[in-house]
Structures are given as C-alpha cells and as structure tokens.
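Following my numbering, the numbering of the sequence shown begins with 1154 at its first residue and continues without gaps.
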Amino acid sequence: MKIYFRILQYAPGYAARILKFFIYAILGVVFSAGYLALTMPMLKVLFNDSVVNASVPPLPETFELSKTVAEQTFNHYFIGFVQQYGPHNTLLVICVGIVVLIIIGNTLRYLERLTASRIKVDVVKNMRMDIFSKVSSLDIGYFNNQRKGDLMSRFTNDMSEVEGSVANSLKSVLKEPITLIVYLTVLFTISYKLTLFTLILLPVTGGLVAEIIKRLKRKAKQSQESMGRIVNILDETFGGMRVIKAFNARNFILKKIDDETSYHRKVNLSIARKNELSSPLSEVLGVIIVAIILYYGGNLVLGGSGELEPQEFMGFLVFYASMIQPAKNFSNGITSLQKGTVAADRIFRIIDTEPAIKNKEGAIVLSEFKDCIEFRQVSFTYGTDPVLKNINLKIERGKTVALVGPSGGGKSTLADLVPRFYDPTQGAVLLDGIGLPEYDIESLRRLMGVVTQESILFNDSIFNNIAFGMEHVKEEDVIHAARVANAHDFIMQTEHGYQTYIGDRGSKLSGGQRQRLAIARAVLKNPPILILDEATSALDSESERLVQDALTNLMKNRTSIVIAHRLSTIQHADEIVVLQDGHIVERGTHAVLVQQNGLYKKLSEIQKA
C-alpha cells in the first residue's frame, strides 16, 4: 500500500479529494441500501393480510439504539399508514420511495466516479511529467547503460497499468468495502445468527482468491519486463531497417521478436488463466454459500419460533445477493491493484534514480567566458576501463584546439567533460579558474554549442530545428544563421521553405543538409565556446566542403574544441593535441608535429596515401 499511496500523491490535494470520494461513496451506498430495505415492508404488504386488521402498536416509551425499539417505531408508523391509506396506496408510496432512493443513490454514484476519474487523470498526467523530468535530468552515462525501449515501455505500458490500477482501486478496493460493511450491518440487524453463519463460510472464498492474487503479482512483473524488451527490439528494428535489409537479417530479427513475444504470450496466458479463474470461482463458491444459507435460513423460518419472519428472510437474501457483485469487484480491484503497483515500482525506480551530474547548493550562475578552460590532472574511467589518464591541457579564450588520434583514444570523452556530460573520475576541469561543479549546469551549457558527427534533428519544421531550445526567435535571425551555415539556398528549394517538415531525425534531407542545419542551430545560439565532434567525417567531398566552410564561419572569434578524423580539416588549429590510449602523446601546431616524425605524422601520411 506504500506504493499505492505514493501514486495518489500525484493528484493535487489528494487527501481532500479522497475524503470527498468517500463521502459520496458512503451516501450512495446508504441510499442504495435504503431502497433494498424498502423491499421488506413491501413484501409484508403483499403477503400478509393481517397487517390491515392488526392494532397499531404503541411507540416505545424510551428511545435507545436497539433492534427492538427500531422495529416498534417502524411498525407503529407503518401499520398506521397502511390502515389509514390502504395497502394499494402504501404499495404505491413504497415503489415511489424506491425510485427516489435509486435516483439519489445513482446521482451520488456519478459524483463519486467523477471524483475518481479526476484523481486518475491528474495522477497520470503529473506522473508522466515527473518521469520525463527525471529522465531528462539524468546524465549521459545513464542512457549508455539502459535500453531505450525499456524506458519507453515504462512511460507507456507501465503508465497504462498504473492508470487502470488507480481507476479500479478507487472504485473497487476503496469503495466496495464500504458497501460490504453497510450491507453486513443490515444483515446483522435482520438476523445475527444467519449473518454469523454466513461469515464462517466466507474465508473459504477469500483464501482461494488471495492465493490467485499472490501468483498474479509475480507474473505481472514478468509481463511488464518482457514488454519493455519487445519495445526495445522494435525501436532498434525501425531505427536500423537499412542495415537489416542490407545484411538480409530480416529472419534473424523475426526470430528474435518471435521468441520474446512467445514468452510474453506465455506469461500473459498464465495471467489470464488466473485472472479469469478468480471471478467464476468466487461466483461458484458464492452460489454454494447461498444454497447453504437458503437451507439454514429456511429452517429458521419454518421452525415457527418467530426468530426470522419470511419477509425478513427474503430481505436477507436480497441484501446478500447484492453483496456478491461488490465482493467480486473488490477481488478484481485487488488484482488490478497488484498489477498497477508492480508497474509503478518499475516507474519509481527511474524517478528515485539520483543523477550523477547535478547542481550543488548555491551554484554560481555563469554569464560569460573570460579566460580559459583547463584540464588539471584529469582521469576518467568507464566502469573499470580507464579512458583518460592524467590529462593536463589549457585552452585559451578565442583559440582553436584540435583533438586527434586513433579511435578509442579518449577524444570524445575529453570533449564531453567540458559541458559536464560526465565528471572526471580524478582531477578537475576548470573554467576561468573555477571547477565546473561550482557552476550552475544550465548557465554553463548556455555558453556552449555542440555539433556532433550524427546530426540530431527532430520531426519538425526547419525553422523550429534551427531555433531549437530558444524562445522568441526572429525569422531574420534564423535566416542569417542558415546563411552562415551555407544552408539557406537548399532550404529555399524545399516545398515550404523554412516551414518544411524534415521527417523523423531529418530523414528527408541528405547528410550534408542535416549537418548544415545543426551548424545553423549552433550559429543562432552564438556560443562563446564551440565543440565540434567529427562534424564532417561522414560526408562526401562536396558536402564536406560546404560544411567545412560553414564551420570556418562558425568558429570565427570563438573558443573551439575540434575532434577531427580528417586531419586536413584542422591544419590551421592553434594547437593540435594527439591522444592515444587516454594519454596526450604529442601537442603543437601542424608544422611542428609533422617535423616531430611521431604519431601525428604517421596518421597524416596514412590519410594522404
């Protein structure tokens, strides 16, 4: 229940709203019980002629909360009403009373369900926003260790389970016990012996249903985890369709997803068997109990002791029959609640994850970059694998520093430390002499522009992709940024110009066009610090020339960190840093490094060959 109450806390003012829900539920049940209770005097009028000729019993001399006093008071007014207005009019009044009570009871039931629905939609909306807010605040390293499909499954499938759980639990788990308590109270009033006899039989039903629910919880967890794996396979398949077709790997993928969906089918079938068994099993047991009650209660009536009148026994059966559906709803609600709490537990594991990169209390809001970026004795480790080892590097304001070297040497990791995508394992990265953890993260990243090898674009218009993350952007500023990035001409050739939608991840554009839009985005941001991570390595010669010209325009008067695969693009850098196996092995200008006859010269000659 701890997880369940945590779910409810996502509804603003949930305590007051739950109280309102209970008030509507209690009143609704009382009015429903009232119209059922009216069936007993109706039966008394229909089947007992002596009521018309009986003498009107006196009112009790003293008032007290007891069944005897209640019966004497009711009989005084009821028999008096029958003798004054006749049995036909009395029957009419009882029928009208039943209709009125039903209308009032169902109106209250509508208000109760409307309150529950409002709680549900607020919980779902706020919980989804909390998941997204938390996930977007986590560090890049978290996403390297998680399957995207599993995260998406928690946001969609798990949230659907939580949504169903909240709705069913409010209507069934919280409300139906009220119904059962009220009806049991009435049953005790009618005959405590018969009610106690009934309660002795109920634990048999409850025990069997409880065992089914216990097994359902374990299976529900397996089902949710399997669905996460299915979504992950689908995400990888749709994103890598070109490779799948090129390598004739369709049958491999089909087998992979068939294995997972077969397992998901097996688990869900097991859930269905248990879930569907609980309802008919409880109904069969309920009918058996009713048959036993009929026999035991019938003997009390036939005994002639007056302990149980025929109309009271009929009323008892009406109330008991009315309890069967609430009991079934309660059982089904518990099942739904178990599945919902399993899904919520998976969601809360994400929400409770503490980001490795976060603002410290009293962080400095950075407004400008004045002096230099410095790596001081920096080392970094992925798990147990050292990537950077004892790096010392200073990048002066306005200078361009290129990072080159073999793959896996630590170039991208070194650049990722500057915007604090990661923090160093040892040592410190300083900006203007102050360690990066001292700065507010958003203000730090506001001073930086990043252009990566893979252009990250969104299924939106060209205008919105260039202006991404920026508010109140003028059209002329976007056009200027596109011109600087050599993108304006091809944009104007598209169907709707800057309002053209570019498809998923920019799929309607070529690689060079996507890259130039990414550069235009960086130009519009106008950051003092620029990080270029192999921005031209995946392009053809013509696109590379256009993109390189755009990058040259972008880098003017900025501090630039350039990760380069093609050494010809960084020959004019102020300093070239050669990384190998996490160490800086060479550094200097292009001319100096060529003369040293080291790794840089070797790499340069390989590319010329």
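No residue lacks a Cβ here, since even glycine has one placed at the ideal position from N, Cα and C.
None of these values were measured; they are calculated from a predicted model.
Query raised in the report: Tell me which same chain residues have a C-beta within less than 7 Å of the C-beta of residue 1542, skipping the five on either side of it?
Result: As a first step, residue 1542 is located in the sequence shown; it is residue number 389 there, counting from the start. Here the set comprises 1532, 1735, 1736.
Query - Pairwise C-alpha distance: residue 1310 and residue 1721 - result: Residue numbering aside, residue 1721 sits at position 568 when the sequence shown is read from its first letter. Residue numbering aside, residue 1310 sits at position 157 when the sequence shown is read from its first letter. Cα to Cα, residue 1721 sits roughly 50 Å from residue 1310.
Report task. Indicate the three-state DSSP secondary structure (helix, strand or coil) for residue 1415 in the structure shown. Result -> Residue 1415 sits at position 262 when you count from the first residue of the sequence shown. Residue 1415 carries a helical assignment under DSSP once its states are collapsed to helix, strand and coil.
Query raised in the report: Leaving out five residues before and five after residue 1616 in sequence, what residues of the same chain have Cβ atoms less than 7 Å from its Cβ?
Result: Against the sequence shown, residue 1616 aligns to sequence position 463. Hits under 7 Å: 1631, 1651, 1652.
**Report entry** Segment limits, alpha helix (DSSP H) that includes residue 1619
**Finding:** As a first step, residue 1619 is located in the sequence shown; it is residue number 466 there, counting from the start. Per DSSP, residue 1619 is one residue of the alpha helix (DSSP H) stretching across 1615-1619.
Query - Proximity of residue 1554 and residue 1727 at Cβ, strictly below 8 Å - result: Translated into the one-based positions of the sequence shown, residue 1554 becomes position 401. Translated into the one-based positions of the sequence shown, residue 1727 becomes position 574. In this structure, residue 1554 sits near residue 1727, with a CB-CB distance shorter than 8 Å.
Query raised in the report: Would the beta-carbon of residue 1640 fall within 8 Å of that of residue 1673?
Result: Locating residue 1640 in the sequence shown gives position 487, counting from the first residue. Locating residue 1673 in the sequence shown gives position 520, counting from the first residue. Yes, Cβ-Cβ distance for residue 1640 and residue 1673 is below 8 Å.
Query raised in the report: Under a three-way DSSP split, which group does residue 1539 fall into?
Result: To locate residue 1539, count along the sequence shown from 1; it is residue 386. Under the three-state reduction of DSSP, residue 1539 is assigned to strand.
Requested in this report: Name the one or two DSSP bridge partners that residue 1601 has.
Outcome: Reading the sequence shown from its first residue, position 448 is the one you call residue 1601. Beta-bridge pairing links residue 1601 to 1682.
Requested in this report: Can you give me the start and stop residues for the beta strand (DSSP E) that residue 1520 sits inside?
Outcome: Taking the sequence shown and counting its residues from 1, the one referred to as residue 1520 is at position 367. No beta strand (DSSP E) holds residue 1520; DSSP gives it neither H nor E.
Query - residue 1284 to residue 1503 span [Cα, whole Å] - result: If you number the sequence shown from 1, residue 1284 lands on position 131. If you number the sequence shown from 1, residue 1503 lands on position 350. Roughly 7 Å between the two C-alpha positions.
Query raised in the report: Three or more beta-carbon pairs under 8 Å between the region 1490-1497 and the region 1306-1322, yes or no?
Result: Pairwise C-beta distances place the region 1490-1497 in contact with the region 1306-1322, as three or more of them are shorter than 8 Å.
Query raised in the report: Within 10 angstroms of its Cβ, does residue 1268 collect 16 or more other Cβ (buried), or is it exposed?
Result: Taking the first residue of the sequence shown as position 1, residue 1268 is located at position 115. Result: buried.
Query raised in the report: Quick one: what does DSSP say residue 1571 is sitting in, helix, strand or coil?
Result: Taking the first residue of the sequence shown as position 1, residue 1571 is located at position 418. In the three-state reduction of the DSSP assignment, residue 1571 falls in the coil class, being assigned neither a helical nor a strand state.
Query raised in the report: Roughly how far, in whole angstroms, is the beta-carbon of residue 1469 from the beta-carbon of residue 1340, given that I think they are within contact range, below 8 Å?
Result: For the purposes of this step, residue 1469 is identified with residue 316 of the sequence shown, where counting begins at 1. For the purposes of this step, residue 1340 is identified with residue 187 of the sequence shown, where counting begins at 1. Confirmed, Cβ separation roughly 6 Å.
Query raised in the report: Among 1257, 1405, 1604, 1755, which one has its Cα closest to the Cα of residue 1568?
Result: In the sequence shown, counting from the first residue as 1, residue 1568 sits at position 415. If you compare the alpha carbons of 1257, 1405, 1604, 1755 with that of residue 1568, the shortest gap goes to 1604.
**Report entry** Inter-stretch contact (C-beta, 8 Å, three-pair minimum) for the region 1704-1719 and the region 1737-1755
**Finding:** The region 1704-1719 makes no contact with the region 1737-1755; the number of CB pairs closer than 8 Å stays below 3.
Requested in this report: Identify which residue in 1520, 1328, 1488, 1587 has its Cα closest to the Cα of residue 1425.
Outcome: As a first step, residue 1425 is located in the sequence shown; it is residue number 272 there, counting from the start. Relative to residue 1425, the option among 1520, 1328, 1488, 1587 whose CA is nearest is 1488.
Query raised in the report: What is the residue span of the beta strand (DSSP E) that residue 1736 lies within?
Result: The count along the sequence shown starts at 1 and reaches residue 1736 at position 583. Residue range 1736-1741 is occupied by the beta strand (DSSP E) that includes residue 1736.
Requested in this report: Evaluate contact between the region 1656-1668 and the region 1606-1613, counting only Cβ atoms and requiring at least three cross-stretch pairs below 8 Å.
Outcome: These segments touch.
Query raised in the report: Are the beta-carbon atoms of residue 1336 and residue 1186 separated by less than 8 Å?
Result: Counted from its first residue, the sequence shown places residue 1336 at position 183. Counted from its first residue, the sequence shown places residue 1186 at position 33. In this structure, the beta-carbon distance from residue 1336 to residue 1186 falls below 8 Å.
Query raised in the report: Measuring CB to CB, does residue 1522 end up less than 8 Å from residue 1585?
Result: Position 369 of the sequence shown holds residue 1522. Position 432 of the sequence shown holds residue 1585. Yes, the pair counts as a contact, with Cβ atoms nearer than the cut-off.
Report task. Figure out for me which residue from 1280, 1643, 1301, 1732 has the closest Cα to the Cα of residue 1560. Result -> Translated into the one-based positions of the sequence shown, residue 1560 becomes position 407. Of the listed residues, the one whose Cα sits closest to residue 1560 is 1732.
Report task. Sort 1680, 1419, 1302, 1448 by Cα distance to residue 1597 and report the nearest one. Result -> In the sequence shown, the residue the question calls residue 1597 occupies position 444. Among 1680, 1419, 1302, 1448, the Cα nearest to that of residue 1597 is on 1680.
Report task. Consult DSSP for residue 1533 and reduce its assignment to one of helix, strand or coil. Result -> For this step, residue 1533 is matched to residue 380 along the sequence shown. Residue state, collapsed to three classes: strand.
Query raised in the report: Among 1262, 1526, 1353, which residue has its Cα nearest to the Cα of residue 1180?
Result: What you label residue 1180 is simply residue 27 of the sequence shown in a count that begins at 1. 1262 is the residue among 1262, 1526, 1353 whose C-alpha sits nearest the C-alpha of residue 1180.
Requested in this report: In angstroms with no decimal places, state the Cα-to-Cα distance between residue 1848 and residue 1743.
Outcome: Residue coverage of the chain in this structure runs from 1154 to 1762, which leaves residue 1848 outside it and unanswerable.
Report task. Would you check if the distance between the CB atom of residue 1302 and the CB atom of residue 1176 is smaller than 8 Å? Result -> Stepping through the sequence shown from its first residue, residue 1302 is reached at position 149. Stepping through the sequence shown from its first residue, residue 1176 is reached at position 23. Between residue 1302 and residue 1176, the CB-CB gap reaches or exceeds 8 Å.
Report task. Please name the residue in 1390, 1656, 1391, 1527 whose C-alpha comes closest to that of residue 1712. Result -> Translated into the one-based positions of the sequence shown, residue 1712 becomes position 559. Closest option to residue 1712, Cα to Cα, is 1527.
Report task. Kindly indicate the opening and closing residues of the alpha helix (DSSP H) around residue 1635. Result -> Numbered from 1 along the sequence shown, position 482 holds the residue referred to as residue 1635. 1628-1637 is the span of the alpha helix (DSSP H), which, as asked, contains residue 1635.
Query raised in the report: Can you check whether the CB of residue 1416 is closer than 8 Å to the CB of residue 1275?
Result: On the sequence shown, position 122 is the one that residue 1275 refers to. On the sequence shown, position 263 is the one that residue 1416 refers to. In this structure, residue 1416 does not lie closer than 8 Å to residue 1275 by Cβ.
Query - Residues bridged to residue 1716 [DSSP beta-bridge criterion] - result: Indexing the sequence shown from 1 puts residue 1716 at position 563. DSSP lists 1556, 1686 as partners of residue 1716.
Requested in this report: Compare the beta carbon distance of residue 1111 and residue 1420 with 8 Å and say whether it is the shorter of the two.
Outcome: Any property of residue 1111 remains undetermined from this structure, which presents the chain solely from 1154 to 1762.
Report task. Go to residue 1212, then tell me how far its alpha helix (DSSP H) extends in each direction, as first and last residue. Result -> Here residue 1212 refers to the residue found at position 59 of the sequence shown. Where residue 1212 is concerned, there is no enclosing alpha helix (DSSP H), because DSSP gives it neither an H nor an E.
Query raised in the report: Does the Cβ-Cβ distance between residue 1619 and residue 1670 come in under 8 Å?
Result: On the sequence shown, residue 1619 is found 466 positions in, with the first residue counted as 1. On the sequence shown, residue 1670 is found 517 positions in, with the first residue counted as 1. A contact, by the Cβ cut-off of 8 Å.
Query raised in the report: How big is the Cα-Cα spacing for residue 1422 and residue 1477?
Result: As a working note, residue 1422 is residue 269 in the sequence shown. As a working note, residue 1477 is residue 324 in the sequence shown. The straight-line gap from Cα to Cα measures roughly 27 Å.
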